[in-house]
Amino acid sequence: MEALYIILTAFCIALSCGTLGTFLILRKMAMVGDAISHSVLPGIVIAFLVSGSRNNIPMLIGAAAVGVLTTVLIELLHKKARLQEDASIGITFTWLFALGVILISAFTGQVDLDQECVLYGEIAYVPLDLIITHSGTNLGPRPLWVSGAMALIVLLVTRIGYKGFFITTFNPDYAKALGISTVIWHFVFMSLVSLTTVVSFESVGAILVVALLIAPPATAYLLTGRLKTMLLYTAILSLLISVCGYVLATWLNGSIAGAMATVAGILFAGAYGVYKVKAGKGTKAPLKKPAY
Amino acid sequence: MNIDAPALEVHNLTASYNRKPVLWDIDFQLPQGQLIGIVGPNGSGKTTLLKNIMGLMEPDSGYVNLFGKKLNDIRERVSYVPQRESVDWDFPANVFEVVQMGRYRKNNLFKRMTARDREITTQSLEKVNMLEYAKRQISQLSGGQQQRVFIARSLAQQADLYLMDEPFVGVDAATEESILNLLTEMKKEGKTVIIVHHDLQTAYEYFDWIVLLNTRLVASGPKDEVFTSNLLQEAYGGRLTVLSRIGDLIAKKDFPIRESNFKEKEGQGDG
Amino acid sequence: MDKLLEFLSFQDPNVRTVTFGTIFLGMSAATVGTFAFLRKRSLVGDAVAHAILPGIAIAFMLFQTKNPFVLMSGALISGWIAMLLIEHLSKATKLKPDTAIGLVLSVFFGIGILLLTSIQHSGAGNQAGLDQFLFGKAASMTRSDLLAYGIVALILLMAVILFFKEFKVLSFNPDFAQASGLPVKRLQFILSTITVLAISIGIQSVGVVLMAALLITPAATARSWTESLLVMMVLAAIAGGLSGLVGSYISFAAPNMPTGPWIVMCLSFLALFSLFFAPKKGVVARIRQQQQNRKKILSENLLKTFYHLRENNPSSRTFSREELLEKRPFSDTEYNTALGRLRKQFYLIPEGHNWSLSEKGYEEAKRVVRLHRLWEMYLTERMRLKADHIHPNAETIEHIITPEIEEQLLRELDYPETDPHHSPIPYPRK
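Chains as they are written, first to last, in this note's numbering: chain A, 1 to 292; chain B, 293 to 563; chain C, 564 to 993.
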């Protein structure tokens, strides 16, 4: 049962991250995703300090706001201070992350986060964090509910906003020419990424969120040329990663999140092999384009 | 030259790129129902002009009218074909999906595509001879095929005014012919097509009306009036160095080139 | 204050070790990071920093030791593989560079975490402290550590000095480097190697996650102050070293505070300060320039107003505020700003409540009017603009034409006497 709780939670997190990550890598914003996953830390710590617990929804939203703020800060550094883009990203997230770690140290007593947890989470503890109602019913682990709800929201928004995400990702200028506001779509997307990061944080930590954001979609990208298929493959990969990651972690007695990232890497390597074979054969996915 | 009911009116447009002005006081009108080519040397501001017209960039001063109205009030009648290289063709989509984008509107973004939408998409593909490739992934298309997909997408909008950015760059002969035939068709239907064109040689052949641009407007008119050696020399004979130097200064010193302080009407004042 | 003095006296050998260590590491990372910054490879550096983790874990597992050279070798190999992988994935697949970087970063790090936690839980006696690679272990640096880092830092420095010219070309002008026959591949190999080396030792100070900051933030700081590569590197090294010093002090004065993040805070502060306050390039400097521009425009416009009033009434020299404002509508603030500036420049003479232009002022007014009318000629003659469209343009450009450009204009237009509206162009008194 415990294993099931953990795997299900992991799957929900992977699903949310992977779905959003698909658009993230297509928008060439993989490293912005990496930045956000680091920079929400101070937001989470402050939310914790203010509300006294991790379960406060408004506080989580506040923390997510820091994530969105990160994209604003990166833009400011890039456009106003005329700093090159890669440095804008790097400087913004490192100082925010440093701030978060300092806050954790400064308020060690009051914040139930330790430094390691921040990096790779403690999803193994999921089965311990149960919601027990007043009447004594065990509703199951809180993280499962929260990440499950998150996954549902992400899937719903993706379903409803599919066309909007599709066009603003593929050809933002054309979208603007049609009168579609790329700014709003960008904002909605970034907010979702931030929220997902915050929710996933305590289970898998900062770096592993990045692995789940990028690796499954990158794997799917190599395997297909259709967006819907890419999303489907990402979902399947998320499941594989959750199950195999758990098994691997149990076998090696190590971090589940780390194991999940490792499995994600192995799956990617497999897809890479397939990609190269296909390219070699020259049948389905030629690397070189026809001359005309 | 004043035109009745111009398709496009650009009025005193000054626009910058990377804080340096690349278009100075561009002022011209274009007639409806013609094939119009905008030509000029590299860096003359052609794409910037198109982007300003389509509202993708904000000008420093001046304005644009399409069919006598502002872009926002008339979007459904205007279609834009961006440069082919502005898009990542590794994107996971097939030809049909890309062309179908032409049926997207602000107000139907959350609704499903209708049968009518699919019908129009199919017809547009047929018009550019790409129907048989409908299910092909766009990464597997040649340059010419990609261009045709872009144009088909634009056609699917069923607009009256089409603005295309260098659609003939790097396309094969078959595509070139296909596009030219299409343009002739469109002109017969009374559409107006404005094309930023990269090649002076073919411009005379393809278009009825030519706009010669080199950071400032050199000429705009029927092709026989514009294709004179004087005007061509002026357009292609090199940069106006003074203009260039001033542009550099403006960029370097963050100089405000919108003098919003000044309230006098244009044409008056002692200078 | 006592703490600070105690710290600076460097009596405690531990304090000495830690302080010199972090300063060293900061300086070497900053020096090498300058090139990463210029080549826009900041995030690759970030990825490599994360990717060295599995190398360290495997090195430990294989050799069961925490000898810094052994672990560093593991780090080096792992980091190198990561760099190669990123390069290969971006070039040989449809994966985009940012995806490749993020992928390698997170997967390698995940593998590292898996191995590290596995080692930790296996209860092997001497595995404690491996997790300090995550956040740095500056505070527990030993003298042998210091020795090891010192040697590596020296190697780095030598490589940079030896290949300075070549690296410079590689960073600023890679195409030219290729064309001019430099052994680009070999140079890139060396540069990449010393970068990975710098990262391998730098993480001792700030840890894996924040390593990117040690690499690029000093470079970003230095960039605002200079165009010269050498000066930039020196400034970056100073920023890196200084931050190391500050970090050491904080860890000394407040032992539960983590050193790494404080070093990064200091670096970021220096960077932000530079981005804002550096002369010429800083945000504040540019805002000031814009304010100067505005003041110049206003005062020159007021000068023109005087000239126009005199042009229309050749007998009058003195004008009241009302007359001036009627000719050209300034707001109160604008008028006062312009007036103040003109007085300071001795262009105006007060006559009771009214004003007139001094000799100097009159010549200056003529200059601005001349530029306006010359420019209008240029617009109509060379740019084919219609005479009724050029005024607003000239109103803007007249303020930015320098004497050199004026010279060129005069020559190109052949010293015209009137402008397109037939107003005479005033030339300076001989």
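We treat Cβ as the ideally placed atom computed from N, Cα and C, and that holds for glycine.
Here C/Ile644 is near C/Ala614, since their CB atoms are less than 9 Å apart. Cβ atoms of B/Lys483 and B/Asp452 come within 8 Å of each other, at about 6 Å. Fully contained in the segment 833-916 of chain C are the following alpha helix (DSSP H) runs of length 4 or more, in chain order: 846-875, 884-890, 895-907. Shown here, B/His303 sits in a strand according to DSSP, grouped into three states. If you look at C/Tyr941, you'll find it in the alpha helix (DSSP H) that goes 922-944. At the C-beta level, C/Ala802 and C/Thr822 stay beyond 9 Å of one another. Fewer than three pairs of CB atoms, one per stretch, sit closer than 8 Å, so the segment 923-932 of chain C makes no contact with the segment 512-519 of chain B. Judged by beta-carbon spacing, A/Leu248 lies beyond the 9 Å limit of A/Thr234, meaning their Cβ atoms are not closer than that value. Counted as a single uninterrupted DSSP element, the beta strand (DSSP E) harbouring B/Asp317 occupies residues 312-322. Look at C/Trp918 here: in three-state DSSP terms it is strand. Within the segment 368-400 of chain B, the residues whose Cβ lies closer than 7 Å to some Cβ of chain A are Tyr372, Pro374, Ser378, Val379, Phe383, Pro384, Ala385, Asn386, Met393, Tyr396, Arg397, Lys398, listed in chain order.
If you compare the alpha carbons of B/Leu447, B/Leu341, B/Gln415, B/Gly332 with that of B/Thr494, the shortest gap goes to B/Gly332.
By the Cβ-count criterion, C/Glu863 is buried, with 16 or more other Cβ atoms from all chains shown falling within 10 Å of its own Cβ. Residues of chain A with a Cβ closer than 7 Å to the Cβ of C/Ser605 are, in chain order, Asp86, Ala87, Gly90.
Contacts with chain A at 9 Å (Cβ-Cβ) include C/Met828. Ranking A/Thr108, A/Gly148, A/Phe107, A/Ala106 by CA distance to the CA of A/Val126 puts A/Gly148 first.
Taking the beta carbon of C/Ile963 as reference, the chain B residues within 9 Å of it are Ile538, Leu541, Ile542, Lys545, Phe547, Ile549, listed in sequence order. Note on the segment 81-164 of chain A: whole alpha helix (DSSP H) runs with a minimum of 4 residues are 85-106, 115-120, 142-160, in chain order. DSSP, reduced to helix, strand and coil, places B/Tyr355 within a strand of the structure shown. Assigned with DSSP and collapsed to three states, B/Trp501 falls in strand. Identification of chain C residues near B/Val510 by a Cβ-Cβ cut-off of 8 Å yields Arg947, ordered along the chain.
By the beta-carbon neighbour count (other beta carbons within 10 angstroms, threshold 16), B/Ser521 is exposed. Excluding residues up to 5 positions away in sequence, Val391, Gln392, Ala448 lie with their Cβ nearer than 6 Å to the Cβ of B/Thr413 in the same chain.
Nearest CB-CB separation between B/Gln439 and chain A: not below the 9 Å threshold. Neighbours of B/Val518 in chain C, taken as residues at a C-beta separation under 9 Å, are lacking, since the least C-beta distance is about 12 Å. Shown in chain order are the members of the segment 670-689 of chain C whose Cβ falls below 9 Å from a Cβ of chain A: Val670, Phe671, Phe672, Gly673, Ile674, Gly675, Ile676, Leu677, Leu678, Leu679, Thr680, Ser681, Ile682, Gln683, His684, Ser685. Using a CB distance below 7 Å, the part of the segment 139-173 of chain A facing chain B consists of Ile160, Lys163, Gly164, Ile167, Phe170, Asn171, Asp173, ordered along the chain. Look at the beta carbons and you see the segment 209-221 of chain A touching the segment 4-22 of chain A: at least three pairs across the two are nearer than 8 Å.
The beta carbons of C/Ile964 and C/Trp938 sit about 7 Å from each other, so the pair counts as a contact at 8 Å.
The Cβ of A/Met31 sits no closer than 9 Å to any Cβ of chain B. For a cut-off of 8 Å, the C-beta gap from C/Ser763 to C/Gly675 is around 13 Å, too long to register as a contact. Counting every other CB atom within 10 Å of its CB across the protein chains shown gives C/Met774 a total of 16 or more, marking it as buried. C/Leu720 is positioned such that its CB atom lies no closer than 9 Å to that of C/Leu733. Chain C places no beta carbon closer than 9 Å to that of A/Asp129, leaving this residue out of the contacts. For B/Ala511, the enclosing beta strand (DSSP E) starts and ends at 508-514. Using beta-carbon distances, A/Ile180 counts as an interface residue toward chain B, with a partner under 9 Å.
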